[in-house]
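Following: one structure in structure tokens, then a few remarks.
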Amino acid sequence: MSEPALSAVKAALKSQRIETPSWAYGNSGTRFKVFAQPGVPRTPEEKLDDAARVQEHTGVAPVVALHIPWDKVDDYAALAAHAKERGLTLGAVNANVFQDDDYKLGSVAHPDAAVRRKALGHLLECVDIMDATGSRDLKLWFADGTNYPGQDDIRSRQDRLAEALGAVYERLGEGQRMLLEYKLFEPSFYSTDVPDWGTAYAHCLKLGEKAQVVVDTGHHAPGTNIEFIVATLLREGKLGGFDFNSRFYADDDLMAGAADPFQLFRIMYEVVRGGGHGPGSDIAFMLDQCHNIEPKIPAIIRSVMNVQEATAKALLVDGEALAAAQHSGDVLAANGALMDAFHTDVRPLLAVVREEMGLDPDPMGAYARSGWARKITEERKGGRQAGWGA
Ligand code: AOS
Ligand code: ZN
Ligand code: ZN
């Protein structure tokens, strides 16, 4: 690779911005058990203190997504100031219309108009919070769906959903967006009201340019060609962002890139090829994961590093050789061009990038040596730990 080309790759890696989720710093688990960990944050401010460690050691994670009500505070401007003092900004505001008892049969798609009004009220409250935090994105994931055929009318639920989305869209202020996230199933088991990219895309298309789709990499059936979805949404101008995580079976929320680094590379290749990576991109590269058995901060650092490595490999694809082979129908040469990049060990390159950024080339080692884990374990004794639902 020529020196100018290598410089461009390094510049692109230095400009990468990955958004970490506040809830990943808190306790989490499955319906069987939540294994609390020592030192877990007790407040949104402590979550930001931990997120600042990820940013300190990686240099590419300066944004933290919030979740309401798990990150509810009296003064969001003060929370934004707390973030800024630590070199962070507040990112997407994640609405939660899936944990209130009233939402058993759904929220915005619920058959009862009073429940729908309550859910819409929460969504509009989240936009008010965005005004206070300066967040650009409202992330909407709906657990809404049904468990049995006949339980509710599939079409009517789409009409109710569309009505709520339209009301939220009208409320968005200048520079604000709504990111609609789809999920194949869970917690609904027969039908989910936003189950796939097509449904999300159709609603966003009707709403307008401020409405975009979020691709959560854990939200697809096994074997789904996610990079095709990414390429298509990007081409249509409707790829708002990602919720990166890993899955072996379902929405496992494991560390991004841990289960299938090849898939993450193919996704990032389509992002790079489609012009979605770099300073001009509006795509939100968010993590959405839960660290049920592994220490949280290093797991998030590892996830950021995995996304960086996939991105670096995608940037190394020899586009000219690949295009030439594709145009000539040389299947093996074309596949080889992509695989050569995927098989490149980019860790030395990323170590150089980190050193040029004034960082330790080994973020995991740097965190381990920092003493932060011991500090928070000693200091954060007592008080209610943060976690899913708190
Ligand atoms: C749920 O499975 C979705 O991935 C959500 O994006 C996410 O877990 C939620 O936004 C957390 O509030
Ligand atoms: Zn998600
Ligand atoms: Zn999910």
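If you're matching positions, the sequence shown starts at 834 in my numbering and goes up one per residue.
Every residue gets a Cβ at the ideal spot worked out from N, C-alpha and C, and that includes glycine.
query                                                                                                                                                       : result
Measuring CB to CB, does G881 end up less than 8 Å from L839?                                                                                               : It is Leu, not Gly, that sits at residue 881 in the sequence shown. Taking 8 Å as the Cβ cut-off, L881 and L839 do not qualify as a contacting pair.
Does the beta-carbon distance from P944 to L938 come in below 8 Å?                                                                                          : yes
Short of 8 Å in beta carbon distance, which residues of its chain neighbour E958, apart from the five on each side in sequence? Order them along the chain. : I901
For G1218, which three-state DSSP category applies?                                                                                                         : It should be noted that the sequence gives Gln, not Gly, for residue 1218. DSSP places Q1218 in coil when its eight states are reduced to three.
Sorted by chain position, which residues of the same chain lie with C-beta nearer than 7 Å to A807's C-beta, five sequence neighbours on each side aside?   : Here the chain has residues from 834 to 1223 only, and residue 807 is not among them.
If we ignore side chains and look at the alpha-carbon of each, how far apart do M1197 and V926 end up?                                                      : 28 Å
Does the beta-carbon of T1210 have 16 or more other beta-carbons within 10 angstroms, so that it is buried, or is it exposed?                               : exposed
Report the CB separation of A1117 from G1073 in whole angstroms; it is logged as a contact under 8 Å.                                                       : 6 Å
E1153 by DSSP, collapsed to three states: which one?                                                                                                        : helix
With a threshold of 16 other CB atoms inside 10 Å of the CB of M1101, please say whether the residue is buried or exposed.                                  : buried
Apply the 10 Å Cβ neighbour rule to N1168 and answer buried if 16 or more other Cβ atoms are within range, or exposed otherwise.                            : exposed
Quick check on the contact list: which residues have their beta carbon closer than 5 Å to a heavy atom of ligand 2?                                         : D1049, D1076 and D1121
Consult DSSP for D1178 and reduce its assignment to one of helix, strand or coil.                                                                           : coil
Using a Cβ-Cβ cutoff of less than 7 Å, which residues in the same chain neighbour S1024 once the five nearest sequence positions on both sides are dropped? : G978, T979 and I987
Cβ-heavy atom distance between H900 and ligand 1 below 7 Å?                                                                                                 : yes
Would you report the Cα separation of A965 and L971, rounded to the nearest angstrom?                                                                       : 13 Å
Restricting to Cα atoms, I'd like to know which of K1214, L1171 and N1058 is closest to G1152.                                                              : L1171
Specify, as a first and last residue, the run of the alpha helix (DSSP H) that L1066 falls within.                                                          : I1059 to R1068
Do V1047 and L994 count as a contact pair if the criterion is CB distance below 8 Å?                                                                        : no
Give the range of the beta strand (DSSP E) segment to which E958 is assigned.                                                                               : Element bounds for E958: not the beta strand (DSSP E) but the alpha helix (DSSP H), A946 to T966.
Does the contact criterion of 3 or more C-beta pairs under 8 Å hold for the segment 1098 to 1115 versus the segment 1063 to 1079?                           : yes
Is D1086 near ligand 3 - that is, is its Cβ less than 7 Å away from at least one heavy atom of it?                                                          : yes
Report the option in Q1009, P1028 and R1010 whose CA atom is closest to the CA atom of F1018.                                                               : P1028
How should I1126 be labelled, buried or exposed, when 16 other C-beta atoms within 10 angstroms of its C-beta is the threshold for buried?                  : exposed
Which same chain residues end up closer than 7 Å to F1098 when comparing Cβ atoms and leaving out the 5 residues on each side of it in sequence?            : A1143, K1146, A1147 and F1175
At a cut of 8 Å, does the segment 839 to 849 reach the segment 1180 to 1197 through at least three beta carbon pairs?                                       : yes
So, at 6 Å on beta carbons, what are the nonlocal neighbours of W1225 in its own chain, with the 5 sequence-adjacent residues on each side left out?        : Limits of the chain in this structure are 834 at one end and 1223 at the other, which puts residue 1225 out of reach.
Looking at the secondary structure, which residues open and close the alpha helix (DSSP H) in which I1134 lies?                                             : K1129 to L1148
For M1119, write down the residues that DSSP places opposite it in a beta bridge.                                                                           : E852 and D1076
Could you compute how far the alpha carbon of D985 sits from the alpha carbon of S1021?                                                                     : 12 Å
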